[in-house]
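Asker:
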Amino acid sequence: MKQELNKIVKPIVKWYQKQEKELPWKQDKEPYHIWVSEIMLQQTRIEAVKKYYTRFMQELPTIQDLADVPEEKLLKLWEGLGYYSRARNLKKAAIQIEQDYQGKMPTTYTELLKLSGIGEYTAGAIASISYNEKVPAVDGNVLRVISRLVASKADVLLPETKRNITKKLLEIMPEEAGDFNEGLMELGEKICIPNTIPLCEKCPVQEFCIANQKKLTTQIPVRIKKQKRKVETKTVFILKYKNQIAIRKRAKTGILANLYEFPNITRNCI
Ligand code: SF4
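Letter by letter, the sequence shown follows residues 5 to 274 of the numbering used here.
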């Protein structure tokens with residue numbers, strides 16, 4: 005696999021360097037900017053993140069501002085993005101940076117991993133984009149691109165598949181680690197797209213792609229595990245008195261922790 009993958013490095017770096025960098029978080033390589041944008045982009049579409057990111061940076065332009073922001077204001081800035089634990093972890097990590105790193109973002113993958121809410125992907129993205137450390141940043145886009153390039157039938161939902169691809173990428177990381185990682189991600193977002201036929205005719209590494217040669221692009225990546233959805237039935241009470249309406253604060257932990265909701269019970273009373 006190493007030999008096959010080695011061939012894609014230069015074309016991807018070159019292709020990425022020519023792409024327009026119109027997104028607000030691609031205007032510089034400031035680690036704080038990369039960090040916040042990567043956290044926002046988890047579970048959220050790029051288009052939706054743009055306005056949130058811009059407003060967040062206007063209100064909290066430095067790590068110190070993030071560490072000091074009251075939780076209510078932070079959650080207001082995050083309102084609509086969902087998965088609020090991401091915002092709380094950002095603040096926790098900002099406090100860690102103030103206390104343990106003299107207010108400066110750690111500069112290595114290993115140190116970044118120690119921060120609250122920063123996992124392998126985000127640490128890899130920040131370390132490679134901001135500091136050019138030769139570490140991969142493997143998200144769903146990268147898993148799909150690499151699986152197709154080598155025509156791997158391994159289930160991309162399995163942690164061992166991700167581990168395996170990360171290991172292979174580690175062996176071929178170039179000096180331009182950030183551009184290579186961003187190139188792979190962008191290729192997955194724009195060209196090697198999911199759930200449909202990828203735009204192979206526009207792909208900078210088409211000539212090396214085994215899934216393309218074997219006409220397997222719609223069968224790869226393989227995703228075997230199906231997540232069961234939990235369905236809850238609730239009765240929600242709208243309690244009004246004159247111009248007031250009753251709301252309550254949710255529990256401190258769990259889904260939508262500390263946010264407000266209408267009073268409700270977990271059963272159907274209608
Ligand atoms: S040739 Fe097609 S399937 Fe292969 S990496 Fe490029 S876009 Fe993806």
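In this text, a Cβ means the ideal position worked out from N, Cα and C, and glycines have one as well.
Put residue 23 into one of helix, strand or coil per three-state DSSP.
Answerer: As a first step, residue 23 must be located in the sequence shown, where it is residue number 19. Coil, per DSSP.
Asker: Can you list, in chain order, the residues of its chain whose CB lies under 8 angstroms from that of residue 112, leaving out five sequence neighbours each side?
Answerer: As a working mapping, residue 112 is identified with position 108 in the sequence shown. 131, 135, 137.
Asker: What is the DSSP secondary structure of residue 135, reduced to helix, strand or coil?
Answerer: Position 131 of the sequence shown, counted from the start, is the residue given in the question as residue 135. Looking at residue 135 - three-state DSSP - the assignment turns out to be helix.
Asker: Quick one: Cα of residue 254 to Cα of residue 228, how far?
Answerer: If you number the sequence shown from 1, residue 254 lands on position 250. If you number the sequence shown from 1, residue 228 lands on position 224. Their Cα atoms are separated by approximately 35 angstroms.
Asker: Excluding the 5 residues flanking residue 265 on each side, which residues of the same chain have their C-beta closer than 7 angstroms to its C-beta?
Answerer: The residue given as residue 265 occupies position 261 in the sequence shown. Hits under 7 angstroms: 251, 252, 254.
Asker: Mind checking which residues open and close the alpha helix (DSSP H) that includes residue 56?
Answerer: Counting from 1 along the sequence shown, the entry for residue 56 is found at position 52. 50-63 is the span of the alpha helix (DSSP H), which, as asked, contains residue 56.
Asker: How should residue 116 be labelled, buried or exposed, when 16 other C-beta atoms within 10 angstroms of its C-beta is the threshold for buried?
Answerer: What you label residue 116 is simply residue 112 of the sequence shown in a count that begins at 1. Flag for residue 116 reads buried.
Asker: For the ligand SF4, is there a heavy atom less than 7 angstroms away from the beta-carbon of residue 216?
Answerer: Locating residue 216 in the sequence shown gives position 212, counting from the first residue. Yes, since a heavy atom of the ligand SF4 falls inside the 7 angstroms radius drawn around the Cβ of residue 216.
Asker: Determine which residues share a DSSP beta bridge with residue 252 and list them.
Answerer: Taking the sequence shown and counting its residues from 1, one reaches residue 252 at position 248. Answer by DSSP bridge pairing, in chain order: 265.
Asker: The ligand SF4 heavy atoms versus the CB of residue 223: any closer than 7 angstroms?
Answerer: Residue 223 sits at position 219 when you count from the first residue of the sequence shown. For the ligand SF4, not one heavy atom lies less than 7 angstroms from the Cβ of residue 223.
Asker: Is residue 60 buried or exposed, if buried means 16 or more other CB atoms sit within 10 Å of its CB?
Answerer: Along the sequence shown, read from residue 1 onward, the residue named residue 60 stands at position 56. The residue is buried, with at least 16 neighbouring Cβ atoms inside 10 Å.
Asker: Looking at the strands, I want to know which residues DSSP matches up with residue 245.
Answerer: Taking the first residue of the sequence shown as 1, we reach residue 245 at position 241. 248, per the DSSP bridge assignment.
Asker: Express the C-alpha separation of residue 152 and residue 211 in angstroms, rounding to a whole number.
Answerer: To locate residue 211, count along the sequence shown from 1; it is residue 207. To locate residue 152, count along the sequence shown from 1; it is residue 148. For residue 211 and residue 152, the distance between alpha carbons rounds to 12 angstroms.
Asker: Just grab the DSSP bridge partners of residue 240 for me.
Answerer: Taking the first residue of the sequence shown as position 1, residue 240 is located at position 236. Answer by DSSP bridge pairing, in chain order: 268.
Asker: What's the call for residue 57, buried or exposed, on a 16-neighbour Cβ count within 10 Å?
Answerer: Residue 57 sits at position 53 when you count from the first residue of the sequence shown. Residue 57 should be labelled buried.
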